[in-house]
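Since the structure comes first, as structure tokens, the remarks are kept for the end.
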Amino acid sequence: MEGPEGLGRKQACLAMLLHFLDTYQGLLQEEEGAGHIIKDLYLLIMKDESLYQDLREDTLRLHQLVETVELKIPEETQPPSKQVKPLFRHFRRIDSCLQTRVAFRGSDEKKVLLQPTEDCVFTTLGINSHLFACTRDSYESLVPLPEEIQVSPGDTEIHRVEPEDIANHLTAFHWELFRCVHELEFVDYVFHGERGRRETANLELLLQRCSEVTHWVATEVLLCEAAGKRAQLLKKFIKIAAICKQNQDLLSFYAVVMGLDNAAVSRLRLTWEKLPGKFKNLFRKFENLTDPCRNHKSYRDVISKMKAPVIPFVPLILKDLTFLHEGSKTLVDGLVNIEKLHSVAEKVRTVRKYRSRPLCLDMEASPHHLQTKAYVRQFQVIDNQNLLFELSYKLEANSQ
Numbered sequence: 001m002e003g004p005e006g007l008g009r010k011q012a013c014l015a016m017l018l019h020f021l022d023t024y025q026g027l028l029q030e031e032e033g034a035g036h037i038i039k040d041l042y043l044l045i046m047k048d049e050s051l052y053q054d055l056r057e058d059t060l061r062l063h064q065l066v067e068t069v070e071l072k073i074p075e076e077t078q079p080p081s082k083q084v085k086p087l088f089r090h091f092r093r094i095d096s097c098l099q100t101r102v103a104f105r106g107s108d109e110k111k112v113l114l115q116p117t118e119d120c121v122f123t124t125l126g127i128n129s130h131l132f133a134c135t136r137d138s139y140e141s142l143v144p145l146p147e148e149i150q151v152s153p154g155d156t157e158i159h160r161v162e163p164e165d166i167a168n169h170l171t172a173f174h175w176e177l178f179r180c181v182h183e184l185e186f187v188d189y190v191f192h193g194e195r196g197r198r199e200t201a202n203l204e205l206l207l208q209r210c211s212e213v214t215h216w217v218a219t220e221v222l223l224c225e226a227a228g229k230r231a232q233l234l235k236k237f238i239k240i241a242a243i244c245k246q247n248q249d250l251l252s253f254y255a256v257v258m259g260l261d262n263a264a265v266s267r268l269r270l271t272w273e274k275l276p277g278k279f280k281n282l283f284r285k286f287e288n289l290t291d292p293c294r295n296h297k298s299y300r301d302v303i304s305k306m307k308a309p310v311i312p313f314v315p316l317i318l319k320d321l322t323f324l325h326e327g328s329k330t331l332v333d334g335l336v337n338i339e340k341l342h343s344v345a346e347k348v349r350t351v352r353k354y355r356s357r358p359l360c361l362d363m364e365a366s367p368h369h370l371q372t373k374a375y376v377r378q379f380q381v382i383d384n385q386n387l388l389f390e391l392s393y394k395l396e397a398n399s400q
């Protein structure tokens, strides 16, 4: 069902579902059968969102309502106990206070061509808006900003783009985010706790992004229904992780590996069996590198040999700072614990060292690369683990 008529019908169904959830939230929490129907509809709508961009705002509201209904998978269908305690607090996108990233439409602003007799233009700029000026000769060669490109996320997009392109754009974007984090944000985040933090918005955005990439990997794999294609997707994500490691982008590397290690993905035994032995061995090496044993010794050995520019796995820096902060008092007998503060400063200085040189990646500015850039910066993910397990069991019901 496509075209305006199809979109109108889907919007009408979605509006009815939103009204139903709004009205009967309390009853749904008690009725397990109704809850399963709602989850099935939600997963179908998530797939349609990649085809119908106008459904995005309603889908976000639906996501919020589904989260309010505490629906659990029966205990007998729970996967085996492969649990990895995350190193960072999981940021749910619906809880984020950050501005929603919405692509601009062609009708938002009109291009103004100045006449030879005019020497000024009167206009106003809103929040996060842009104003560009160019000569008449270069007018036709202008390309849109990544934010202006309407992406089509989901199965078709991830299979179309080369792993090198995705990995490089991940590194470029995460370098931008990492460079925006002030060194003091690390200290403020750890020392002042959840309520007392002041200026840590950039750091929290980077942590949210790490969580987002992890769920993006799991979402893309679990929304791919064909087993052969799903195995190819696993192969592609392993390639992406390898290139991110080569780029010294350990944040993206960690996030992709953790996404593949998500219990809803790792339980897909039949899918993993289709993976070539070469890639199975490579992924095992990646798992060893991200293994937290002996205080993340494997990771620390690798990053100690890297020279700037480096994008570290930021949650581990916060873990180290938390250990320093909680392991000793800041004031001892009314005196400042200088040794503790020196240790904190030394850890924070590593951030400065990682950013001491600029990042240089050879990427074109073609429309194809702009499309990839837009896709990488506008991931649409399912961050509800129960829903990910629902998808996983539909793909392979009996895998262990």
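Counted from 1, the sequence shown has number 155 at position 155 by full-length UniProt numbering; the numbering is strictly sequential. Just so it is clear, CB atoms sit at the ideal spot from N, CA and C, and this is done for glycine as well. Nothing here was measured: the structure is a model prediction, and the numbers come from that model.
Distance, Glu176 Cα to His182 Cα = Near 12 angstroms, if we compare the C-alpha coordinates of Glu176 and His182.
Write down every uninterrupted run of the alpha helix (DSSP H) in the segment 338-371 whose length is 4 residues or greater and which is fully enclosed by it, in chain order.
-> The qualifying runs are 338-354.
Is the beta carbon of Phe237 sitting closer than 8 angstroms to the one on Lys245?
-> No, they are not a contact pair.
Please specify which runs of the beta strand (DSSP E), each continuous and at least 3 residues long, are wholly inside the segment 178-230, giving them in chain order.
-> Complete beta strand (DSSP E) runs here, min 3: none at all.
Does DSSP classify Val257 as helix, strand or coil?
-> Val257: helix per DSSP, three-state reduction.
Inter-residue spacing [alpha-carbon to alpha-carbon] between Glu199 and Val190 = Those two C-alpha atoms are separated by around 12 angstroms.
Say whether the segment 293-302 touches the segment 278-285, bearing in mind that this needs 3 or more beta-carbon pairs closer than 8 angstroms, one atom from each stretch.
-> Judged by Cβ distances under 8 angstroms, the segment 293-302 makes no contact with the segment 278-285, as fewer than three pairs qualify.
Does the Cβ of His342 have 16 or more other Cβ atoms within 10 Å, making it buried, or fewer, making it exposed?
-> His342 should be labelled exposed.
Buried or exposed: where does Glu212 fall if 16 or more other Cβ atoms within 10 Å of its Cβ makes it buried?
-> Under a 10 Å Cβ-count criterion, Glu212 is classified as buried, with 16 or more other Cβ atoms of the shown protein chains found around its own Cβ.
Considering only C-alpha positions, which residue in the set Phe313, Lys274, Lys305 and Leu282 is nearest to Pro292?
-> For the residues Phe313, Lys274, Lys305 and Leu282, the minimum Cα distance to Pro292 belongs to Phe313.
Grouping DSSP H, G and I as helix and E and B as strand, with all else coil, what is Leu7?
-> Leu7 falls in the helix class under three-state DSSP.
Gly277 lies in the alpha helix (DSSP H); which residues open and close that run?
-> First-last of the alpha helix (DSSP H) with Gly277: Gly277 to Leu289.
Leu114 burial status per 10 Å Cβ neighbour count (16 or more: buried) = It counts as exposed.
In its own chain, which residues sit with a C-beta less than 6 angstroms from the C-beta of Ala133, not counting the 5 before and 5 after it?
-> Cβ within range, chain order: n/a, list empty.
What did DSSP end up calling Val381 once you bin it into helix, strand or coil?
-> The answer is coil: DSSP assigns Val381 none of H, G, I, E or B.
According to DSSP, which residues form a beta bridge with Ile311?
-> Secondary-structure assignment with DSSP links Ile311 through a beta bridge to Asp249.
Applying the criterion that 16 or more other CB atoms from any shown protein chain within 10 Å of the CB defines a buried residue, is Met16 buried or exposed?
-> Per the 10 Å Cβ criterion, exposed.
C-alpha gap between Tyr42 and Leu387, whole angstroms = Their backbone Cα atoms lie some 9 angstroms apart in a straight line.
Hey, would you say Ile317 sits closer than 8 angstroms to His174, going by beta carbons?
-> Cβ atoms of Ile317 and His174: not closer than 8 angstroms.
Based on the DSSP output, what are the partners of Val336 in its beta bridges?
-> Paired residues: Leu331.
Return helix, strand or coil for Val265, following the three-state DSSP convention.
-> If DSSP states are grouped into helix, strand and coil, Val265 belongs with the helices.
Given that a residue counts as buried once 16 or more other Cβ atoms are within 10 Å of its Cβ, and exposed if not, what is Ala345?
-> Counting other Cβ atoms within 10 Å of its Cβ, Ala345 stays below 16 and is therefore classed as exposed.
Might you give, ordered along the chain, the residues of its own chain that have their beta carbon closer than 6 angstroms to the beta carbon of Asn384, omitting 5 neighbours on each side?
-> There are no such residues.
For Leu114, which of helix, strand or coil comes out of DSSP?
-> Judged by DSSP in its simplified three-state form, Leu114 adopts coil rather than helix or strand.
Round the Cβ separation of Leu268 and Ser356 to the nearest angstrom and send it over; I've been treating them as touching at under 8 angstroms.
-> Contact flag wrong, Cβ pair sits at about 42 angstroms.
To which residues of the same chain is Lys274 closer than 7 angstroms at the C-beta, ignoring the five residues directly before and after it?
-> Ala227, Gly228 and Ala231.
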